[in-house]
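One structure below.
Residue numbers (the numbering used here): 1 to 91.
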């Protein structure tokens, strides 16, 4: 499952991931968001990861508030995306 918060997007809430296994992966559990338009702050909240097993995973938990899939993003812009109420249970 993948979702990147973008400018003008509604809040992402109530995401619950349970009983997963990652084997030989670069990234495991991740939350990523695009640097947001300063006039439209975004939110990712009430997110939980539970009962997750990882084998040979380079970045088991990865939070990225400056995700940019293209070369056109300004690295100096500060993210206004709020990430809150994230739980990691039995990882």
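We put the beta carbon where it would ideally sit given N, CA and C, even for glycine. Treat the numbers as computed from the prediction; the structure is a model and nothing was measured.
Next item on the list: Compute the distance between the beta-carbons of residue 42 and residue 11, then report whether it is under 9 Å.
Entry: yes
Next item on the list: Could you tell me if residue 18 is buried or exposed, where buried requires 16 or more neighbouring beta carbons within 10 angstroms of its beta carbon?
Entry: exposed
Notebook entry, point to check: Can you tell which of 46, 91, 65 and 88 has its C-alpha closest to the C-alpha of residue 34?
Noted result: 65
Next item on the list: Please report how far the alpha carbon of residue 31 lies from the alpha carbon of residue 62, in whole angstroms.
Entry: 7 Å
Notebook entry, point to check: Helix, strand or coil: how does DSSP classify residue 19 here?
Noted result: strand
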